[in-house]
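These notes are about the structure you will find just below.
In this note's numbering, the protein residues as written are 3 to 135.
Following this line, the structure appears as structure tokens:
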């Protein structure tokens with residue numbers, strides 16, 4: 003998580019609905035770079051061991067799992083949403099993706115996101131039945 007990573011709205015460019023388009027600002031943490039270089043080195047050792055004749059280091063792409071932009075926290079001073087992915091400041095706004103993560107995982111986050119979304123759906127249904135939202 004980098005404090006400078008964020009999404010902003012473009013000051014002049016608009017989409018087909020006249021809304022500002024998003025600008026994604028993303029930079030690697032030094033530890034991201036170190037882990038990637040370590041993975042390249044370890045992978046190369048495996049490829050060498052099995053007789054690879056050519057190794058291509060694929061650079062990181064835009065298909066990264068961007069996480070943590072609307073972080074969970076018990077207090078609104080420390081994050082954007084509560085443990086249910088519900089915004090601290092807007093009662094009927096929920097984050098159902100990886101943006102609610104407080105930190106990145108070591109593996110693909112898809113199943114964790116699905117589990118959180120199922121848990122969240124049950125919470126939303128309960129809160130709606132109680133007319134809390």
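Each residue gets a CB set at the ideal place from its N, CA and C atoms; glycine is no exception. No experiment lies behind these values; they were computed from the predicted model shown.
Looking only at C-alpha atoms, which of 117, 49, 129 sits nearest to residue 95? In the chain shown, counting from the first residue as 1, residue 95 sits at position 93. Taking residue 95 as reference, the option from 117, 49, 129 with the minimal CA-CA separation is 129.
Residue 19 burial status per 10 Å Cβ neighbour count (16 or more: buried): Sequence index remark: in the chain shown, residue 19 carries index 17 (1-based). Exposed: under 16 other Cβ atoms inside 10 Å.
Three-state secondary structure assigned by DSSP to residue 26: Here residue 26 is taken as the residue at index 24 of the chain shown, counted from 1. Note: residue 26 maps to strand in three-state DSSP.
By the three-class DSSP mapping on this structure, what secondary structure does residue 88 have? For the purposes of this step, residue 88 is identified with residue 86 of the chain shown, where counting begins at 1. For residue 88, the secondary structure class from DSSP, reduced to helix, strand or coil, is strand.
Using three-state DSSP, classify residue 43 as helix, strand or coil. Taking the first residue of the chain shown as position 1, residue 43 is located at position 41. Looking at residue 43 - three-state DSSP - the assignment turns out to be helix.
Going by CA-CA distance only, name the one from 42, 9, 35, 15 that's closest to residue 27. Locating residue 27 in the chain shown gives position 25, counting from the first residue. Of the listed residues, the one whose Cα sits closest to residue 27 is 9.
Secondary structure of residue 118, DSSP reduced to three states: The count along the chain shown starts at 1 and reaches residue 118 at position 116. Residue 118 falls in the helix class under three-state DSSP.
How is the beta strand (DSSP E) around residue 95 delimited, first residue to last? By 1-based counting over the chain shown, the position of residue 95 is 93. Looking at the DSSP string, residue 95 is not in any beta strand (DSSP E), and its letter there is neither H nor E.
Using only CA atoms, which one of 122, 90, 109 lies nearest to residue 99? In the chain shown, counting from the first residue as 1, residue 99 sits at position 97. Looking at the Cα atoms, 122 is the closest of the given residues.
Grab me the residues of residue 45's own chain with a C-beta within less than 8 Å of its C-beta, minus the 5 sequence neighbours each way, in chain order. Residue numbering aside, residue 45 sits at position 43 when the chain shown is read from its first letter. Excluding positions up to five away in sequence, the list reads 57.
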